[in-house]
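Undergrad:
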Amino acid sequence: MQYSETVQSIEQLVKDKVVPGVNYAFIDEDGIQRYLIGDRQLLPVKQPLDDGHLIYDMASLTKVVGTTMVILKLVELGKLSLDDSITKYLPKLKFNEVTIRNLICHTSGIEGYIPNRDKLNHDELIDALLGLHVGPGLNKEMHYADVNFIFLGLIAKQVTGESIHQLITEYVLKALKMNNSSFHPNPDNCVPTVYDEHNGLLQGTVHDPKAQVLGDDCGSAGLFSNMDDLIKFVQSILNPSENPVLSEETLAGFCEDQTGYDLGRTYGFERLDYEGMHYIWQSGFTGTFIVIIPEKKRAMIFLSNRVHPVSPNKEYIERRAPLIETYLKANKKDES
Numbered sequence: 015m016q017y018s019e020t021v022q023s024i025e026q027l028v029k030d031k032v033v034p035g036v037n038y039a040f041i042d043e044d045g046i047q048r049y050l051i052g053d054r055q056l057l058p059v060k061q062p063l064d065d066g067h068l069i070y071d072m073a074s075l076t077k078v079v080g081t082t083m084v085i086l087k088l089v090e091l092g093k094l095s096l097d098d099s100i101t102k103y104l105p106k107l108k109f110n111e112v113t114i115r116n117l118i119c120h121t122s123g124i125e126g127y128i129p130n131r132d133k134l135n136h137d138e139l140i141d142a143l144l145g146l147h148v149g150p151g152l153n154k155e156m157h158y159a160d161v162n163f164i165f166l167g168l169i170a171k172q173v174t175g176e177s178i179h180q181l182i183t184e185y186v187l188k189a190l191k192m193n194n195s196s197f198h199p200n201p202d203n204c205v206p207t208v209y210d211e212h213n214g215l216l217q218g219t220v221h222d223p224k225a226q227v228l229g230d231d232c233g234s235a236g237l238f239s240n241m242d243d244l245i246k247f248v249q250s251i252l253n254p255s256e257n258p259v260l261s262e263e264t265l266a267g268f269c270e271d272q273t274g275y276d277l278g279r280t281y282g283f284e285r286l287d288y289e290g291m292h293y294i295w296q297s298g299f300t301g302t303f304i305v306i307i308p309e310k311k312r313a314m315i316f317l318s319n320r321v322h323p324v325s326p327n328k329e330y331i332e333r334r335a336p337l338i339e340t341y342l343k344a345n346k347k348d349e350s
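Anchor point for the sequence shown: position 211 equals 225 in this note's numbering, and the numbering is continuous, going up by one each time.
1. Would you call the CB atoms of S264 and G167 closer than 8 Å?
2. One question on the structure: do P206 and H67 come within less than 8 Å of each other, judged by their Cβ atoms?
3. Keeping to the same chain, check which residues put their C-beta closer than 8 Å to that of D271; ignore five residues upstream and five downstream.
4. Among T302, T300, P308, F238, whose alpha-carbon lies nearest the alpha-carbon of I294?
5. What does the Cβ neighbour count give for H221, buried or exposed, with the cut at 16 atoms within 10 Å?
6. Would you list the one or two residues that DSSP bridges to I307?
7. Buried or exposed for A335, going by 16 or more other Cβ atoms inside 10 Å?
8. Whole angstroms is fine: what's the gap from E289's alpha carbon to T273's?
9. So the alpha helix (DSSP H) R334 belongs to, where does it begin and stop?
10. Using the three-state DSSP reduction, which class does Q217 fall into: helix, strand or coil?
11. What are the partner residues of R279, as DSSP defines its beta bridges?
12. Can you give me the Cβ contacts of D97 inside the same chain, cut-off strictly under 8 Å, excluding the 5 residues immediately before and after it?
13. So what does I51 bridge to, in DSSP terms?
14. In chain order, which continuous runs of the alpha helix (DSSP H) of length 4 or greater are located wholly inside the region 60-94?
15. Have a look at the DSSP bridge pairing and note the partners of K291.
16. Grab me the residues of L355's own chain with a C-beta within less than 6 Å of its C-beta, minus the 5 sequence neighbours each way, in chain order.
17. Quick test of your reading: H292 and G229, contact by CB under 8 Å. State the CB separation rounded to the nearest angstrom.
18. List the endpoints of the continuous alpha helix (DSSP H) containing R115.
19. Check this for me: beta carbons of G301 and Y341, under 8 Å apart or not?
20. How big is the Cα-Cα spacing for I46 and N37?
21. Would you call the region 231-238 and the region 246-265 touching, i.e. three or more CB-CB distances under 8 Å?
22. Measuring only the C-alpha atoms, how far is M156 from G282?
23. Leaving aside the five residues before and after D42 along the sequence, list all residues of the same chain whose C-beta is less than 6 Å from its C-beta, in chain order.
24. Rounded to whole angstroms, what is the Cα-Cα separation between S122 and G149?
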């Protein structure tokens, strides 16, 4: 299938200098189409994106590629249930009504402000997070928040005795043979994120400040990966019978709303509808996203370092939704 308008939109992003460069791919019944355009970095010296195997900071794609898969694996192993209260594993929270399902669907209603958050150490940050409260949004609205997946990582550790990063490596990366993915990559193989004259390039070190502090205990960010490995992950979702991590029954649940209240979330991913065509998607702050259309067995993977050289780059956010809509429109048009 051809995605000429989507390709043009991505090329325009680079031409307009919204992102330094993009490594992207389309997966469908015709196979895999891969593209590379633009630069690896702009500062302190410009370097072209000349290697499709370069590693990117996945940011919040860690949530779906890693933590979601681990939690569902633990459910299959009978070590926990999605409907367990989170207080069963994290008694300091005192939120009996909040379940693991709420966390994985971002419907927990957990909210609050942590003063000087980025100045806290590992234990101080965890204690502060455990001190947050539940607001009126519980089971009434989807409020996307990293804290939900940080708690999922802590719950997984409580159940198994291993950190969430260890579990992701064991249950997901090794099983899917994602050999280029890790939480401690060789910096020379990584596309850099931010740059400033005082600190230089942030390259091979996670961009997310909470992940920097929490290290192996961060379930919301920290993974580094590349296009080769993300293709393996996406194909494992599109082809449940070939998935070595989860059962076909569990994977079928990715196509369904899992909130119990039709709030537009499935396992980890947001679940939306485009003119009657369901799709799931997840993005990462650094400039990454995955869009999957389960019923068509099609997907788009987009990797950029949009925070380079300076974060946050709001223009990228403004142009991301129209770009994704262009891709969805191409898939919908193919039905006629």
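Don't be surprised by glycine CBs; every beta carbon is placed ideally from N, CA and C.
TA: According to the structure data:
1. Locating residue 264 in the sequence shown gives position 250, counting from the first residue. Locating residue 167 in the sequence shown gives position 153, counting from the first residue. Note that residue 264 is Thr in the sequence shown, not Ser. Not a contact, by the Cβ cut-off of 8 Å.
2. The residue given as residue 206 occupies position 192 in the sequence shown. The residue given as residue 67 occupies position 53 in the sequence shown. No; because the gap between Cβ atoms is not below 8 Å, this pair is not in contact.
3. For this step, residue 271 is matched to residue 257 along the sequence shown. Only residues of its own chain outside the window of five on either side were considered, and among them L277, G278, R279, T280, R285 have a CB closer than 8 Å to the CB of D271, listed in chain order.
4. By 1-based counting over the sequence shown, the position of residue 294 is 280. Nearest in C-alpha terms to I294, of all of T302, T300, P308, F238, is P308.
5. Residue mapping note: residue 221 aligns to position 207 of the sequence shown, counting from 1. By the neighbour-count rule (16 or more Cβ atoms within 10 Å), H221 is buried.
6. For the purposes of this step, residue 307 is taken as the residue at position 293 of the sequence shown. BP columns for I307 point to R312.
7. Here residue 335 refers to the residue found at position 321 of the sequence shown. Flag for A335 reads exposed.
8. Start at 1 with the first residue of the sequence shown, and residue 289 comes out as number 275. Start at 1 with the first residue of the sequence shown, and residue 273 comes out as number 259. Per the coordinates, the alpha-carbon of E289 lies some 22 Å from the alpha-carbon of T273.
9. Residue mapping note: residue 334 aligns to position 320 of the sequence shown, counting from 1. Counting along the chain, the alpha helix (DSSP H) containing R334 begins and ends at 328-347.
10. Here residue 217 refers to the residue found at position 203 of the sequence shown. Of the three classes helix, strand and coil, the one that applies to Q217 here is coil, per DSSP.
11. For the purposes of this step, residue 279 is identified with residue 265 of the sequence shown, where counting begins at 1. Beta-bridge pairing by DSSP links R279 to E284.
12. Within the sequence shown, the letter at position 83 stands for residue 97. Closer than 8 Å at Cβ, skipping near neighbours: T113, I114, R115.
13. Locating residue 51 in the sequence shown gives position 37, where the first residue counts as 1. In DSSP, I51 forms a bridge with V36.
14. Here the runs fully enclosed are 82-90.
15. Within the sequence shown, residue 291 is the residue found at index 277, counting from 1. For the record, residue 291 in the displayed sequence is Met; it is not Lys. BP columns for M291 point to Y288.
16. With the chain running from 15 to 350 in the structure shown, residue 355 is simply not present.
17. To locate residue 292, count along the sequence shown from 1; it is residue 278. To locate residue 229, count along the sequence shown from 1; it is residue 215. Contact flag wrong, Cβ pair sits at about 36 Å.
18. Taking the sequence shown and counting its residues from 1, the one referred to as residue 115 is at position 101. That run of the alpha helix (DSSP H) goes 114-118.
19. Position 287 of the sequence shown, counting from 1, holds the residue named residue 301. Position 327 of the sequence shown, counting from 1, holds the residue named residue 341. The beta carbons of G301 and Y341 sit no closer together than 8 Å.
20. As a first step, residue 46 is located in the sequence shown; it is residue number 32 there, counting from the start. As a first step, residue 37 is located in the sequence shown; it is residue number 23 there, counting from the start. In a straight line, the C-alpha of I46 is about 13 Å away from that of N37.
21. Contact between the region 231-238 and the region 246-265 is not established, with fewer than three Cβ pairs separated by less than 8 Å.
22. As a first step, residue 156 must be located in the sequence shown, where it is residue number 142. As a first step, residue 282 must be located in the sequence shown, where it is residue number 268. Rounded to the nearest angstrom, the two C-alpha atoms are 12 Å apart.
23. The residue you call residue 42 lines up with position 28 of the sequence shown. Result list for D42: M15, R312, in chain order.
24. Taking the first residue of the sequence shown as 1, we reach residue 122 at position 108. Taking the first residue of the sequence shown as 1, we reach residue 149 at position 135. In a straight line, the C-alpha of S122 is about 9 Å away from that of G149.
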